[in-house]
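Student: Chains as they are written, first to last, in the numbering used here: chain S, 2 to 334; chain V, 9 to 298. The C-beta atom is built at its ideal place from N, Cα and C for all residues, glycine as well.
Below, the structure written as structure tokens:
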């Protein structure tokens, strides 16, 4: 007798799907708990951790922001292999404004976020029509190109980079800034994807030609999403550069490209929460593995392979399925 | 100066063609994304070095072992990674890129860094052309590159296996109806491409040291040549190698060596912007841009 697994929605999920959720605390908790968990974790738990771990969680937040920015680009079908472009541009804009014009971080970070995103959008505009792997290859090449350009022309401090930038007043300020922006990006993008706008975005990634035939200018939407993703990535760069008090070539390095992708793939793409989860697993893990030195990149690479091949849906989708549904064995008819 | 630049530009073109050949066979001709190409390249260099210096085999045996191991590695990567995500182009890219990264950084971790990691020349000595000195190794590169290009062209146009390589990239379903086992051919193509990468490594690496960074540069150069020339076109590869090879040598000699790598990167970006299928490419236009 053959059996197969059947998945059925939990009763509580069905009950809490409409306004009747308000009638019971249990249903309310079922709905709010997963949403309050990251808020609670990022705003209360993380700042209470010891100073050494606070430092790690700040860099985790930077990677999580880059992963979320990667995820929003993926939801419109643009798969970037060079998130370090956004990080590097954001960090250099903020760094240059601070280093040459002496602007404080309060001004440089917002300016770098917007102008950086605009620069990246304009830089990628000519290749926005490319699909799939062709777009990925351009994004892979672009940060490397800028890297060599900085090295060859010695602009913006050349190989030395810009040092001695203004830091944040204290660690708690930096932490709350990063974590609040992370939460805004996470919930904002989730809300966006649930709206009609998000429907178009998902439509473009599923079948761009049929969205075009519906009379929608997909290039304009792609540009908008590129800009949105760029703001998040450039913010991460501007924030990171002030936190490290340094803007330089490492900003365009492979680290900032491979890590966010690994985080998003491990966590699960398309939900943004998956990227957050992935970053909060991978970065602290790599910190624990710090003693291994260069082996860390080996681990990222292997993680990427194992998850792309073995669990392509990612952890978050798996957890969500378990949360919403239960499974049982039934006979095959 | 000009004669030297021309001669070395020609040699550089041949190096590029040699390095890109395996990548072209796997990615361009059979459509299997092999972004661990750079890793396989340095893998073969280091295995040859290990067998030569740590175990002390004769060089020719080391070369054969290294080529064999690289081909095996390629086939294993196909079976355990690419086959499982076949058809999802970007998963293929990410998985193989991640794997390549892991292999290359593993060599760095085991401290394979330094000037002692060099392979011996195939032939020693040098010859003077006018007032330009050219060593025999570079002349060997020119001959091997020419021979391999001719071989690949004949192989992919006049043998059954070679035609099957092209068939699975053009239309996998139709290829299946003709009795072509696309997994077997894909694995073969991967193994063959890796063996070519190993050959390129054995021939090219004696002119410098074996370095992990070399793997990234090789992948970028191969990518540049394949994209500029057009995926799946052997003639395109030749043309693109000559174009990029001379451009690189001229920039290195008349501007600065720093700019050399920039040439391939700019070439990739420009060609992808203007004509994504490359100068000689004639693949499906709608699949690459809209």
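Which bits of chain V does residue 305 of chain S rub up against, with CB to CB less than 9 Å?
Tutor: Residues of chain V passing the Cβ test: 102, 103, 105, 106, 107, 109 and 110.
Student: For residue 79 of chain V, does the three-state DSSP call read helix, strand or coil?
Tutor: Residue 79 of chain V falls in the helix class under three-state DSSP.
Student: Do you know how far the Cα of residue 37 of chain V is from the Cα of residue 166 of chain V?
Tutor: The straight-line gap from Cα to Cα measures roughly 14 Å.
Student: Tell me, please, whether the region 247-263 of chain V touches the region 43-59 of chain V by the rule of three or more beta-carbon pairs shorter than 8 Å.
Tutor: Not touching, per the Cβ criterion.
Student: Can the beta-carbon of residue 43 of chain V be found less than 8 Å from the beta-carbon of residue 239 of chain V?
Tutor: It is not a contact, given that the beta carbons lie outside the stated cut-off.
Student: Using alpha carbons as the reference points, say which of V/188, V/264 and V/68 lies closest to residue 155 of chain S.
Tutor: Nearest option by C-alpha distance: V/264.
Student: Just to confirm, is the Cβ distance from residue 34 of chain V to residue 198 of chain V under 8 Å?
Tutor: A contact, by the Cβ cut-off of 8 Å.
Student: Quick check on DSSP: helix, strand or coil for residue 307 of chain S?
Tutor: Helix, per DSSP.
Student: Please name the residue in S/266, S/173, S/104 and S/126 whose C-alpha comes closest to that of residue 220 of chain S.
Tutor: Of S/266, S/173, S/104 and S/126, the residue nearest in Cα terms is S/126.
Student: To be precise: take each residue of the region 133-158 of chain S, compare its Cβ to all Cβ atoms of chain V, and keep it if any distance is under 8 Å. Which residues remain?
Tutor: Listed in sequence order: 133, 134, 135, 137, 138, 139, 142, 143, 145, 146, 149, 150, 152 and 153.
Student: Using a cut-off of 8 Å between C-beta atoms, extract the partners of residue 271 of chain S located in chain V.
Tutor: The premise fails here: residue 271 of chain S is roughly 14 Å from chain V at the closest Cβ pair, so nothing lies under 8 Å.
Student: In chain S, which residues lie with their C-beta within 8 Å of the C-beta of residue 218 of chain V?
Tutor: Within chain S, no residue comes near residue 218 of chain V; the closest Cβ sits about 17 Å away, beyond 8 Å.
Student: Going by DSSP in three states, residue 326 of chain S sits in which element: helix, strand or coil?
Tutor: Three-state DSSP puts residue 326 of chain S in a strand.
Student: According to DSSP, is residue 141 of chain V helix, strand or coil?
Tutor: Strand at residue 141 of chain V.
Student: Whose C-alpha, out of V/13, V/287, V/82 and V/180, is nearest the C-alpha of residue 234 of chain V?
Tutor: It is V/287 whose Cα lies nearest to the Cα of residue 234 of chain V.
Student: Taking the Cβ atom as the reference point for each residue, do residue 317 of chain S and residue 272 of chain S lie within a distance shorter than 8 Å?
Tutor: Their beta carbons are under 8 Å apart, which means residue 317 of chain S touches residue 272 of chain S by this criterion.
Student: Anything in chain S within Cβ reach of residue 281 of chain V, meaning under 7 Å, just list it in chain order.
Tutor: Ordered by position in chain S, the residues that pass the 7 Å Cβ test against residue 281 of chain V are 127 and 128.
Student: Answer with yes or no whether the minimum CB distance from residue 113 of chain V to chain S is below 8 Å.
Tutor: By this cut-off, residue 113 of chain V is an interface position.
Student: Within 8 Å (strictly less), CB to CB, does residue 251 of chain S reach chain V?
Tutor: So, not an interface residue.
Student: Can you list the alpha helix (DSSP H) stretches of 4 or more residues lying completely in the region 106-184 of chain S, in chain order?
Tutor: As far as the region 106-184 of chain S is concerned, its whole alpha helix (DSSP H) runs of at least 4 residues are 106-125 and 133-154.
Student: So for residue 11 of chain S, helix, strand or coil by DSSP?
Tutor: Reduced to three states, the DSSP call for residue 11 of chain S is coil.
Student: Using 8 Å as the threshold, is the C-beta distance between residue 305 of chain S and residue 102 of chain V below it?
Tutor: It is a contact, given that the beta carbons lie within the stated cut-off.
Student: Leaving out five residues on either side along the sequence, give the residues of the same chain with a beta carbon under 7 Å from the beta carbon of residue 115 of chain V.
Tutor: Same-chain partners within the cutoff: 50, 54 and 220.
Student: So for residue 332 of chain S, helix, strand or coil by DSSP?
Tutor: Note: residue 332 of chain S maps to strand in three-state DSSP.
Student: Closer than 8 Å, CB to CB, is residue 90 of chain S near chain V or not?
Tutor: Not an interface residue.
Student: Cα separation between residue 278 of chain V and residue 266 of chain V?
Tutor: About 20 Å.
Student: Mind checking who residue 5 of chain S pairs with in its DSSP beta bridge?
Tutor: In DSSP, residue 5 of chain S forms a bridge with S/331.
Student: Give the DSSP-derived three-state secondary structure of residue 131 of chain V in the structure shown.
Tutor: Reduced to three states, the DSSP call for residue 131 of chain V is coil.
Student: Where residue 177 of chain V and residue 40 of chain V are concerned, what is the direct C-alpha to C-alpha distance, given to the nearest angstrom?
Tutor: Straight-line Cα distance between these residues: approximately 8 Å.
Student: Could you please give me the residues that DSSP links to residue 263 of chain S through a beta bridge?
Tutor: The partner list for residue 263 of chain S (beta bridge, DSSP) is empty, contrary to what the question assumes.
Student: Using the beta-carbon of each residue, which ones in chain S are nearer than 9 Å to residue 221 of chain V?
Tutor: Correct list: empty, because the minimum Cβ distance to chain S is about 11 Å.
Student: How long is the line joining the alpha carbons of residue 152 of chain V and residue 158 of chain V, rounded to whole angstroms?
Tutor: About 10 Å.
Student: Rounded to whole angstroms, what is the Cα-Cα separation between residue 98 of chain V and residue 38 of chain S?
Tutor: So the alpha carbons of these two residues sit roughly 32 Å apart.
Student: In this structure, how does DSSP classify residue 247 of chain S when only helix, strand and coil are distinguished?
Tutor: Strand, per DSSP.
Student: Spatial neighbours of residue 143 of chain S within its chain, please: CB distance less than 6 Å, with the 5 preceding and 5 following residues excluded, ordered by chain position.
Tutor: So the list reads 83 and 86, once near-sequence residues are dropped.
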